[in-house]
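Trainee: Just remember that the numbering used here sits 90 ahead of the position in the sequence shown, which is counted from 1.
Backbone N, C-alpha and C fix where the C-beta goes; we use that ideal spot for every residue, glycine too.
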Amino acid sequence: MSLQVPSSLTPSKVSSFKECAYAFRLSVIDHIPQPINSHTLKGTLAHKCLDRLYFDFPPESRTIEVARAIFDGVWNDAKISGELDYLEQCEGTSIDFDELAKDTMFLIEQDFIAENPQKVKALGTELQLEARVGDMMLRGIIDRLDLNPDGTITVTDYKTGRVPGVMQEHDRLAGVYFYALLCEQVLHVIPDTVQLVYLRDATRIISKPSKQSLSALLNKTGAIWKAVRTACERDDFRPKPSSLCSFCNFKILCPTQSPA
Ligand code: SF4
91 MSLQVPSSLT PSKVSSFKEC AYAFRLSVID HIPQPINSHT LKGTLAHKCL
141 DRLYFDFPPE SRTIEVARAI FDGVWNDAKI SGELDYLEQC EGTSIDFDEL
191 AKDTMFLIEQ DFIAENPQKV KALGTELQLE ARVGDMMLRG IIDRLDLNPD
241 GTITVTDYKT GRVPGVMQEH DRLAGVYFYA LLCEQVLHVI PDTVQLVYLR
291 DATRIISKPS KQSLSALLNK TGAIWKAVRT ACERDDFRPK PSSLCSFCNF
341 KILCPTQSPA
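1) Can you determine whether any heavy atom of the ligand SF4 sits closer than 8 Å to the C-beta of Pro329, and answer yes or no?
2) Taking the beta carbon of Arg142 as the centre, do at least 16 other beta carbons fall within 10 Å, making it buried, or is it exposed?
3) For Ser297, list the residues DSSP reports as bridge partners.
4) From Asp110 to Glu274, what distance separates their C-alpha atoms?
5) Buried or exposed: where does Lys138 fall if 16 or more other Cβ atoms within 10 Å of its Cβ makes it buried?
6) Kindly indicate which three-state DSSP category Gly255 falls into: helix, strand or coil?
7) So Asp175 is in the beta strand (DSSP E); what residue range does that whole segment cover?
8) Helix, strand or coil: how does DSSP classify Ala350 here?
9) Apply the 10 Å Cβ neighbour rule to Val266 and answer buried if 16 or more other Cβ atoms are within range, or exposed otherwise.
10) Identify which residue in Arg158, Ala317 and Asp236 has its Cα closest to the Cα of Gln200.
11) Out of curiosity, what's the CA-to-CA distance linking Val287 and Ala113?
12) Determine the DSSP secondary structure at Ala164, reduced to helix, strand or coil.
13) Mark Ala212 as exposed unless 16 or more other C-beta atoms lie within 10 angstroms of its C-beta, in which case mark it buried.
14) Is Gly214 helix, strand or coil by DSSP?
15) Tell me which residue opens and which closes the beta strand (DSSP E) that Val245 is part of.
16) Report the rounded CA-to-CA distance for Ile342 versus Leu334, giving the unit in angstroms.
17) Are there 16 or more other CB atoms within 10 angstroms of the CB of Val104, so buried, or fewer, so exposed?
18) Comparing C-alpha positions only, which one of Gln208, Met195 and Asn127 sits nearest to Cys180?
19) So for Asp236, helix, strand or coil by DSSP?
20) Assuming Phe327 contacts Arg115 (C-beta within less than 8 Å), just tell me the rounded distance between them.
21) What do you reckon, are the CB atoms on Val164 and Leu135 nearer than 9 Å?
22) May I have the straight-line CA-CA distance separating Glu323 from Ala317, to the nearest angstrom?
23) For Asn309, which of Lys249, Ala168, Phe268 and Ile296 has the nearest alpha-carbon?
24) Tell me which same chain residues have a C-beta within less than 8 Å of the C-beta of Ile314, skipping the five on either side of it?
25) Taking its Cβ as the centre, do 16 or more other Cβ atoms sit within 10 Å of Arg252, making it buried, or is it exposed?
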């Protein structure tokens with residue numbers, strides 16, 4: 091029996107399908123909810139704080155003190171909304187919330203080392219873009235889009251993990267190139283630069299997309315879309331065991347992980 095084809099492709103869906111089609115199916119087609127963990131919650135909170143810092147405040151007022159005040163508000167919201175309690179439920183153990191708050195604030199402070207927030211002219215944050223290309227719908231949320239002094243634009247994507255090795259760096263850049271492709275399709279502008287800001291290591295990885303690189307990415311994305319459609323038609327999503335299985339939320343449902 092054919093399965094429902096997903097309505098769109100995003101950078102995370104592309105990388106999920108490439109990493110393991112079976113996990114993709116459980117998450118994207120079957121919509122099996124995934125629990126949060128301390129790492130994902132820190133990432134969500136740090137993204138929220140940086141979103142507000144760059145969107146709500148003009149460049150000259152973006153100081154660490156302002157970032158701390160934003161964090162206090164975001165942390166309080168997380169408490170009131172029950173997000174912190176939900177984390178404890180998901181982890182099944184008590185959490186050292188003081189440590190979690192400290193480490194999240196550390197990630198935000200690291201942005202002030204990786205770049206100078208007072209020199210950034212943000213055109214927008216958390217920008218949702220979508221473009222139809224042929225029979226594909228491409229979607230993405232850009233963490234930050236900056237206007238450079240020479241009138242060009244830069245796409246910024248925050249990462250809360252460590253700077254990866256060369257192979258994984260290529261995969262991470264593919265995600266931010268996807269956003270550049272969306273800018274080309276929706277805004278009709280190719281960004282001059284895309285950058286990954288690795289908050290924990292206060293490091294930026296910068297790359298310059300070209301018309302050719304975006305055209306190649308569009309072709310690859312089209313091939314993935316075709317593969318997803320075929321997998322849905324045939325109901326054929328195979329597990330692909332790898333080192334990523336240790337972090338997979340679907341181990342309990344995966345035939346490769348059943349006890350012998
Ligand atoms: S445990 Fe590994 S093979 Fe199984 S679904 Fe997860 S990533 Fe795929």
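Mentor: Reading it off the structure:
1) At a cut-off of 8 Å, the beta-carbon of Pro329 counts as near the ligand SF4: some heavy atom of the ligand is closer than that.
2) Buried, by the Cβ-count rule.
3) DSSP, once it has assigned bridges, lists Val284 as partnering Ser297.
4) As written in the sequence, residue 110 is Cys, which differs from the Asp given in the question. About 29 Å.
5) Under this definition Lys138 is a buried residue.
6) Correct three-state label for Gly255: coil.
7) It is not in any beta strand (DSSP E) - Asp175 instead sits in the alpha helix (DSSP H) that spans Glu173 to Glu181.
8) Because Ala350 carries a pLDDT of 48, less than 50, the predicted location of this residue cannot be relied on, and no value is offered for it.
9) By the neighbour-count rule (16 or more Cβ atoms within 10 Å), Val266 is buried.
10) Nearest to Gln200 by C-alpha distance, out of Arg158, Ala317 and Asp236, is Arg158.
11) Approximately 27 Å, taken between the alpha carbons.
12) Sequence check: residue 164 is Val here, not Ala. In the three-state reduction of the DSSP assignment, Val164 falls in the helix class, which pools H, G and I.
13) Ala212 should be labelled buried.
14) Secondary structure at Gly214: strand, using DSSP grouped into helix, strand and coil.
15) Under the DSSP assignment, Val245 falls in the beta strand (DSSP E) whose first and last residues are Ile243 to Lys249.
16) Roughly 14 Å separates the two Cα atoms.
17) Buried is the call here.
18) Nearest of Gln208, Met195 and Asn127 to Cys180, Cα basis: Asn127.
19) Correct three-state label for Asp236: strand.
20) Confirmed, about 4 Å.
21) Yes. Within cutoff.
22) Distance between the alpha carbons of Glu323 and Ala317 is about 10 Å.
23) Closest option to Asn309, Cα to Cα, is Phe268.
24) Here the set comprises Leu99, Val104, Phe107 and Lys108.
25) Arg252 comes out exposed.
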